[in-house]
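*Asks:* Got a structure for you, written out below as structure tokens; questions coming shortly.
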Amino acid sequence: METEKKKDIKSFTLEELKKEMESMEEKSFRAKQVYEWMHKKQAVSYEEMTNISAVLADKCRERYVYTALTLVRVQESKVDGTKKYLFELSDGNMVESVWMRYKHGNSVCISSQVGCRMGCKFCASTLDGLERNLLVSEMLDQIYAIIRHTGERVSNVVVMGSGEPMDNYDNLLKFITLLTDENGLNISQRNITVSTCGIVPKIRQLADCRLQITLAISLHAATNEKRRQLMPIADRYSLDELMEACAYYFEQTGRRITFEYSLVRDVNDTDEDAGQLTTLLGRLNCHVNLIPVNPIKERNYVQSERRAVEAFKNKLEKNGINVTIRREMGRDIDGACGQLRRRYMERRMI
Ligand code: SAH
């Protein structure tokens, strides 16, 4: 007999959990207690929930899945204290997350999928395609596990690890709802960044939600031709369509867009490229993050020279564009997306 798939208790909103409690003939205030254990106190099992009866815990066990990650490895950067985590999910898949300490607080970078199907040429996460979407709880669990491990608060969350968040859109939105809930971690929308390779209809849909989160667009090239060489998504949506969607996002939310631009030597880092980028961005209210590409062994992309990076930055600045060179956090610990997971899986297969 096939058993019905259990629901995931950590993916419920408080309201949904109240309804679940009612359907189990439990008082609805129990929902808030269980919810706070899961989302405020990051409990990894019902055993920790001291004010919950054994009977209720048993009922929950029977009806729901309670996801928890197993910590497989932590690598700590000697340069800047950045920590890179490798977690195992309940089905044996692996995800990576990164913890970074900044002056303004601690930031966690999470993965939204196992693998990715976007196929960006320089990225390690996509080499084996998409394995599966992460559940809402599995996105939250990355942050919760890191809070438990570091014993420190997290104030910023970036969805910029492995996977394309807009390809897991419904779970992403619910994740943001739970993350910003005052009965949970209560992280401000303004402290959340979602990075996308540019799935235009989803950008528009997100704009209509009028959230105050920051949208980051992985641009990496200023002409369609060049972008197509680096990112297959550019075959689906032209730069015109992408830029119009970005303008719409700003119109709807008032939030300045961030553009990520990874500099690859002799590919997209010339004076001409900087000029084309200036033209493309025009008067859009935005911020550009320049990131020297993080070389992966499967591809032969090389980092731009320091001089080229500086020149690129200067040219944008002269044209009135806000630009920063992103500090490369954790360079010494497989900082680039998907590298740690790949390396681990490769070793495991030997
Ligand atoms: N899929 C989303 C989020 C994950 S990738 C997106 O495309 O935005 C997070 C960022 O890291 C993206 O800007 C991506 O283009 C960039 N990136 C991936 N691999 C990289 C590498 N080897 N070097 C530099 N940046 C990389």
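Counting with the working numbering, you get residues 89 to 438 for the letters of the sequence shown.
Even for Gly, the Cβ is constructed at its ideal location relative to N, Cα and C.
Do Ser-185 and Ile-235 come within 8 Å of each other at the CB atom, strictly closer than that value?
*Replies:* For the purposes of this step, residue 235 is identified with residue 147 of the sequence shown, where counting begins at 1. For the purposes of this step, residue 185 is identified with residue 97 of the sequence shown, where counting begins at 1. Against a cut-off of 8 Å, the Cβ pair of Ser-185 and Ile-235 comes out as no contact.
*Asks:* Give me the residue from Ser-200, Gly-207, Gly-272 and Phe-338 with the minimum Cα distance to Asp-258.
*Replies:* Position 170 of the sequence shown, counting from 1, holds the residue named residue 258. The option with the nearest alpha carbon to Asp-258 is Ser-200.
*Asks:* Regarding Ser-283 and the ligand SAH, is the C-beta to nearest heavy atom distance less than 7 Å?
*Replies:* As a working note, residue 283 is residue 195 in the sequence shown. Yes; taking the cut-off as 7 Å, the Cβ of Ser-283 has a heavy atom of the ligand SAH nearer than that.
*Asks:* Go ahead and label Val-390 buried or exposed: buried means 16 or more other beta carbons lie within 10 angstroms of its beta carbon, across all protein chains shown.
*Replies:* Taking the sequence shown and counting its residues from 1, the one referred to as residue 390 is at position 302. Label assigned to Val-390: exposed.
*Asks:* How about Ser-392: is its Cβ closer than 7 Å to a heavy atom in the ligand SAH?
*Replies:* Here the question's residue 392 lines up with position 304 in the sequence shown. False, no ligand heavy atom lies under 7 Å from that Cβ.
*Asks:* Can you tell which of Ala-396, Val-355, Asn-382 and Glu-339 has its C-alpha closest to the C-alpha of Arg-316?
*Replies:* If you number the sequence shown from 1, residue 316 lands on position 228. When each option's Cα is compared against that of Arg-316, the closest is Val-355.
*Asks:* Kindly list the residues whose CB is nearer than 6 Å to the CB of Gln-340, restricted to its own chain and excluding five residues on each side of it in sequence; keep chain order.
*Replies:* As a working mapping, residue 340 is identified with position 252 in the sequence shown. For Gln-340, where only same-chain residues beyond five positions count, the Cβ hits under 6 Å are Ala-295 and Arg-298.
*Asks:* By alpha-carbon positions, which one of Glu-164, Met-227 and Gly-363 ends up nearest to Met-248?
*Replies:* Indexing the sequence shown from 1 puts residue 248 at position 160. Nearest option by C-alpha distance: Met-227.
*Asks:* Work out the CA separation of Thr-346 and Val-288 for me, nearest whole Å.
*Replies:* For the purposes of this step, residue 288 is identified with residue 200 of the sequence shown, where counting begins at 1. For the purposes of this step, residue 346 is identified with residue 258 of the sequence shown, where counting begins at 1. For Val-288 and Thr-346, the distance between alpha carbons rounds to 15 Å.
*Asks:* From which residue to which residue does the beta strand (DSSP E) around Ala-304 run?
*Replies:* Here residue 304 corresponds to residue number 216 of the sequence shown, with the count starting at 1. It spans 302–306 - the beta strand (DSSP E) in which Ala-304 sits, taken as one unbroken run.
*Asks:* Suppose the cutoff is 8 Å on Cβ atoms and the five residues either side in sequence are ignored; what does the same chain contact list for His-314 look like?
*Replies:* The count along the sequence shown starts at 1 and reaches residue 314 at position 226. Here the sequence assigns Lys to residue 314, which means His is not the residue at that position. So the qualifying residues of the chain are Val-355, Asn-356 and Asp-361.
*Asks:* Unbroken beta strand (DSSP E) runs of length 3 or more, entirely within the region 348–409: which are they?
*Replies:* If we require 3 residues or more, the beta strand (DSSP E) runs fully inside the region 348–409 come out as 374–380.
*Asks:* CA-CA distance, Ser-134 and Glu-124?
*Replies:* By 1-based counting over the sequence shown, the position of residue 134 is 46. By 1-based counting over the sequence shown, the position of residue 124 is 36. The amino acid occupying residue 134 in the given sequence is Tyr; Ser does not appear at that position. Between Tyr-134 and Glu-124, the C-alpha separation is close to 12 Å.
*Asks:* Whole-angstrom Cβ separation of Asp-359 and Lys-406, contact assumed at under 8 Å?
*Replies:* To locate residue 359, count along the sequence shown from 1; it is residue 271. To locate residue 406, count along the sequence shown from 1; it is residue 318. Not really, about 12 Å apart at Cβ, beyond 8 Å.
*Asks:* Since Asn-439 sits in a beta bridge, which residues does DSSP pair it with?
*Replies:* A query on residue 439 cannot be resolved here, the shown segment of the chain reaching from 89 to 438 and no further.
*Asks:* For Lys-107, report the span of its alpha helix (DSSP H) as first-last.
*Replies:* On the sequence shown, residue 107 is found 19 positions in, with the first residue counted as 1. Residues 102–111.
*Asks:* What residues in its chain sit with their C-beta under 6 Å from that of Arg-189, if we drop five residues either side in the sequence?
*Replies:* Within the sequence shown, residue 189 is the residue found at index 101, counting from 1. Hits under 6 Å: Gly-169.
*Asks:* Distance, Cα to Cα, Val-245 vs Leu-144?
*Replies:* Counting from one through the sequence shown, the residue named residue 245 turns up at place 157. Counting from one through the sequence shown, the residue named residue 144 turns up at place 56. Cα-Cα distance, rounded: 33 Å.
*Asks:* Taking the beta strand (DSSP E) that Phe-210 belongs to, which residues open and close that run?
*Replies:* Position 122 of the sequence shown, counted from the start, is the residue given in the question as residue 210. It is not in any beta strand (DSSP E) - Phe-210 carries neither H nor E in the DSSP assignment.
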